[in-house]
Amino acid sequence: MPRVLLSLLSVILAALAGAASAQEAPEPPMSYERLGKIIFALDPEAQPQGTGFRLTIADVGVLVVTDTRADRMRAMVPIRDAAGISAQELMRMMQANFDSALDARYAVANGTLWAVFIHPLSPLEKNELILGLGQAVNVAKTYGTLYSGGGVQFGGGDSNDLQRQLIEDLLERGEEI
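Going letter by letter, the sequence shown gives residues -22 to -1, 1 to 155 in mature numbering (1 follows the signal peptide of the UniProt record, and there is no 0).
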């Protein structure tokens, strides 16, 4: 009798494991085409540009570029001319890169200060992309004040809720994909 129970339990556990894995099917690899579908769900007015896209999120221009050979993508928001950034501002941005910018980062390239989200392309999941775009926009919008990607942060003001709302709105727009 114990062997019959063990066999029955094995069958039940295997069925449950199969049902659980079927519900959590992995996303397909991110590609330029899939990235475009997500971007156009977020901004129907987005424009393809070279190996990437230009779009607007919360009235902020975002440039997304891809390199399929290197399996990389980069979302960038220009903030300001990098000339004249004080040592104090630079220190604050580096602190934010460590704790409050989340997956977005402050970066300098070609004389411009940018908010960027950089990720390998193929393993990028839809919600990771959406969160990264929202965080890059928030990092750009909060430059000079909170220096925040809009997620969990210390403080009791209104900023966290306002910044988190942008990310929630983007996640909702991406639901249908």
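No residue lacks a Cβ here, since even glycine has one placed at the ideal position from N, Cα and C.
Could you check if residue i is buried or exposed, using at least 16 other CB atoms within 10 Å of its CB as the buried criterion?
i           : result
residue 86  : exposed
residue 44  : buried
residue 120 : buried
residue 28  : exposed
residue 146 : exposed
residue 72  : exposed
residue 155 : exposed
residue 62  : exposed
residue 104 : buried
residue 30  : buried
residue 24  : buried
residue 3   : exposed
residue 122 : exposed
residue 152 : buried
residue 150 : exposed
How far does the alpha helix (DSSP H) with residue i in it reach, from first residue to last?
i          : result
residue 71 : 65 to 76
residue 41 : It is not in any alpha helix (DSSP H) - residue 41 instead sits in the beta strand (DSSP E) that spans 38 to 45.
residue 19 : 10 to 20
residue 93 : Premise fails: residue 93 lies in the beta strand (DSSP E), 90 to 98, not in any alpha helix (DSSP H).
residue 82 : Counting along the chain, residue 82 falls outside any alpha helix (DSSP H), and DSSP gives it neither H nor E.
residue 3  : Unbroken run through residue 3: none, as it is neither H nor E.
Is it true that the CB of residue j sits closer than 7 Å to the CB of residue i?
i           : j           : result
residue 95  : residue 114 : yes
residue 127 : residue 117 : yes
residue 93  : residue 57  : yes
residue 144 : residue 108 : no
residue 125 : residue 52  : no
residue 54  : residue 41  : yes
residue 99  : residue 47  : no
residue 65  : residue 90  : no
residue 165 : residue 81  : The requested residue 165 is not part of the displayed model; the chain covers only -22 to 155.
residue 33  : residue 16  : no
Just to confirm the assignment, what range does the beta strand (DSSP E) spanning residue i have?
i           : result
residue 30  : 30 to 35
residue 155 : No beta strand (DSSP E) holds residue 155; DSSP gives it neither H nor E.
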